[in-house]
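See structure below.
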Amino acid sequence: MEKSKFELSVELIKALAWPAIVGVLLFSFWAPLQKTANILPSLVDRSETISIAGMSLKVSQKLRAPPEIQAKLQALSPVAIGQLLRNDTMLYNDLEGKRAYTRDYAELLSLGLMDDHADETGKFMGIVELSHSGKQAQTFLLSVIDEFIKELDVIKGPETDIDNSKITR
Numbered sequence: 639m640e641k642s643k644f645e646l647s648v649e650l651i652k653a654l655a656w657p658a659i660v661g662v663l664l665f666s667f668w669a670p671l672q673k674t675a676n677i678l679p680s681l682v683d684r685s686e687t688i689s690i691a692g693m694s695l696k697v698s699q700k701l702r703a704p705p706e707i708q709a710k711l712q713a714l715s716p717v718a719i720g721q722l723l724r725n726d727t728m729l730y731n732d733l734e735g736k737r738a739y740t741r742d743y744a745e746l747l748s749l750g751l752m753d754d755h756a757d758e759t760g761k762f763m764g765i766v767e768l769s770h771s772g773k774q775a776q777t778f779l780l781s782v783i784d785e786f787i788k789e790l791d792v793i794k795g796p797e798t799d800i801d802n803s804k805i806t807r
């Protein structure tokens, strides 16, 4: 069956019409589309969601930790996060103390966030302290907490009865 000239003309118009309509729409929305395309990468770059101990937080670019620290923090349990924030250096002076610290801080020790510096005399004396990575992780977590508190201050507003005048940063 051969198509008539009318049917061929209608198909030609249909084939040309949709690109023309898309072109007109694209031209009319060009400025907003271009603005959105220019803004989107900076928005994505300025914010990042991190996961620490099963909790996701959105943090700004200035609070980003090095990738190896982020990986170690993601592997920590909430208990280990608390230990990391509370402790800096612990001393032990006997075998039982060494066993207790290495058991209680096994998670931090295994990830290299704490170091065990045993006395070389064999008397089971030593120090368990934050490693360089541990100090970086602790500083990062404290920065995140500080940023969170600042955001609470912004959200707080005058209608709440919380007195933050005695809190120092």
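Residue numbers (my numbering): 639 to 807. Here a beta-carbon is modelled for each residue, glycine too, at the ideal position from N, C-alpha and C.
Tell me the rounded alpha-carbon separation between residue i and residue j.
i: residue 649; j: residue 673; result: 36 Å
i: residue 743; j: residue 737; result: 10 Å
i: residue 666; j: residue 659; result: 11 Å
i: residue 654; j: residue 669; result: 25 Å
i: residue 754; j: residue 786; result: 32 Å
i: residue 664; j: residue 651; result: 20 Å
i: residue 757; j: residue 764; result: 5 Å
Buried or exposed for residue i, going by 16 or more other Cβ atoms inside 10 Å?
i: residue 678; result: Here residue 678 scores only 49 on pLDDT, less than 50, and its place in the model should not be relied on; the value that follows carries that caveat. The residue is exposed, with fewer than 16 neighbouring Cβ atoms inside 10 Å.
i: residue 717; result: exposed
i: residue 703; result: buried
i: residue 783; result: exposed
i: residue 749; result: buried
Return the chain-ordered list of same chain residues with a C-beta closer than 7 Å to the C-beta of residue i, the five sequence neighbours on each side being excluded.
i: residue 732; result: 762
i: residue 713; result: 749
In the structure shown, what three-state DSSP assignment does residue i receive?
i: residue 709; result: helix
i: residue 756; result: strand
query: Where in the region 712 to 749 do unbroken runs of the beta strand (DSSP E), each at least 3 residues long, occur, reported from the N-terminal end onward?
result: 727 to 730
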